[in-house]
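Q: One structure, pasted below without further comment.
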Amino acid sequence: MTREEGGVRLGTRREGLLAPEGDVLQTHRALEIKRPLTETAPVSDEQLVRQVLDGNRRAFERLVRRHQTGLVNHLFRQTGQRELAVDLAQEVFLKVYTALPSFNPKYRFTTWVYRIATNRAIDLMRRKTLPVCSLDEADHDLTRHTTLADETPAPDEVLACAELQARLKRAIDDLPGDYRRLLLLRNREHYRYDEIAWITGLPIGTVKNRIFRAREILRQTLNHSLDEIEAPAS
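According to this note's numbering, the sequence shown is numbered sequentially starting from 502.
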């Protein structure tokens, strides 16, 4: 409904604004356009690094909170000891903080951090004999071909698959340290070959060759296990 006042057609108060009828919609639109935006784009690691270098210590705290869980898990897979991984992560973050001026933005921040962490774990393992680490679960890329059927498996198939998974885990644990470490970086951490080469300090050709050989060892182990599982009972 509208009414006239002084020759000007006004919208009713029910319409939300007491304004000339033709201007009501435009007024709402203007208010929407002028409404301040509350959402902000997430701050990248590289932006936080620049803030730290500019003297903002809280920015480094954000980096630690953002990556501490992933770093501890990475070190745990390297050492097989949770408490040791936590202690090493603290050492690594301290090293990262003091070495931050040397960070090369050509690489991802996490790639640089993981290189420091991997080198620290390797150094520790050279000086101490650590038990062979065990994976919490087999990597999807390495075990997806063990699925016996898309439909619901029969109980004997479930048992056979579980046995195969267990053998594969042992095979991964039994890989030489360098092979296992490189395989984890590639298949669990999803780093590119050039990033793995930079993290470990190895030539990229060596990285590719060792990962290939590690996969071949696992493939042979898996095929042998399949032969044993599928062999008819005598």
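All residues carry an ideal CB built from backbone N, CA and C; glycine is no exception.
Since the model is a prediction, treat every value here as computed from it, not as a measurement.
Please state the DSSP three-state secondary structure of Lys670.
A: The answer is helix: DSSP assigns Lys670 an H, G or I state.
Q: Output needed for Tyr694: all residues of its chain with C-beta closer than 7 Å, excluding positions within five of it in sequence on either side, in chain order.
A: Cβ neighbours of Tyr694 beyond the five flanking positions: Ile705, Val708, Lys709.
Q: Enumerate in chain order the residues of its own chain whose CB-to-CB distance from Tyr692 is below 6 Å, with the five nearest sequence positions on each side excluded.
A: Contacts found: Leu686.
Q: In three-state terms, what does DSSP make of Lys607?
A: If DSSP states are grouped into helix, strand and coil, Lys607 belongs with coil.
Q: Quick one: which unbroken alpha helix (DSSP H) runs of 4-plus residues sit fully inside the segment 579-626? Chain order, please.
A: Counting whole runs of 4 or more residues, the segment 579-626 contains the alpha helix (DSSP H) stretches 583-600.
Q: Less than 8 Å between the CB atoms is what I'm expecting for Ala622 and Thr580, so what's the real figure, rounded?
A: So it is a contact: roughly 6 Å between Cβ atoms.
Q: Report buried or exposed for Glu696, applying the criterion of at least 16 other Cβ atoms within 10 angstroms of its Cβ.
A: The residue in question, Glu696, is buried, as its Cβ has 16 or more Cβ neighbours within 10 Å.
Q: Can you tell me whether Ala600 is buried or exposed? The criterion is at least 16 other CB atoms within 10 Å of its CB, across all chains shown.
A: Per the 10 Å Cβ criterion, exposed.
Q: Is the beta carbon of Thr701 sitting closer than 8 Å to the one on Leu683?
A: For Thr701 and Leu683, yes; Cβs fall inside 8 Å.
Q: Ala715 to Asn724, Cα distance in whole Å?
A: So the two alpha carbons sit approximately 14 Å from each other.
Q: Which same chain residues, not among the five before or five after Ile712, have their C-beta less than 7 Å away from its C-beta?
A: Excluding positions up to five away in sequence, the list reads Leu683, Leu684, Arg687.
Q: Name the two residues that bound the continuous alpha helix (DSSP H) containing Val550.
A: Its alpha helix (DSSP H) spans residues 546-554.
Q: Can you find at least 3 beta carbon pairs, one from the segment 586-593 and one from the segment 544-558, that sit closer than 8 Å?
A: Taking 8 Å as the limit for Cβ pairs, the verdict is that the segment 544-558 does not touch the segment 586-593.
Q: Taking only the alpha-carbon atoms, compute the straight-line gap between Arg720 and Asp679 and give it to the nearest angstrom.
A: Taking the straight line joining both Cα atoms gives about 18 Å.
Q: Should Arg681 go down as buried or exposed, given a rule of 16 or more other Cβ atoms within 10 Å for buried?
A: Buried, because 16 or more other Cβ atoms sit within 10 Å of the Cβ of Arg681.
Q: Do you know how far the Cα of Phe594 is from the Cα of Val565?
A: Between Val565 and Phe594, the C-alpha separation is close to 7 Å.
Q: For Val573 versus Ala560, is the C-beta spacing smaller than 8 Å?
A: No; because the gap between Cβ atoms is not below 8 Å, this pair is not in contact.
Q: Report the three-state DSSP secondary structure of Tyr692 (helix, strand or coil).
A: Three-state DSSP puts Tyr692 in coil, outside helix and strand.
Q: In chain order, what residues of the same chain have a beta carbon less than 6 Å from the beta carbon of Ala698, not counting five sequence neighbours either side?
A: Closer than 6 Å at Cβ, skipping near neighbours: Ile705, Val708.
Q: For a quick check, are the C-beta atoms of Gln575 and Tyr615 less than 8 Å apart?
A: With the sequence shown as reference, residue 575 is identified as His, and Gln is not the correct amino acid for it. Their beta carbons are under 8 Å apart, which means His575 touches Tyr615 by this criterion.
Q: Quick check: the Cα distance between Arg671 and Met626, rounded to an integer number of angstroms?
A: When rounded, the distance between both Cα atoms is 20 Å.
Q: Apart from the five residues on each side of it in sequence, which residues of its chain come closer than 6 Å, Cβ to Cβ, to Gln552?
A: Around Gln552: Ala560.
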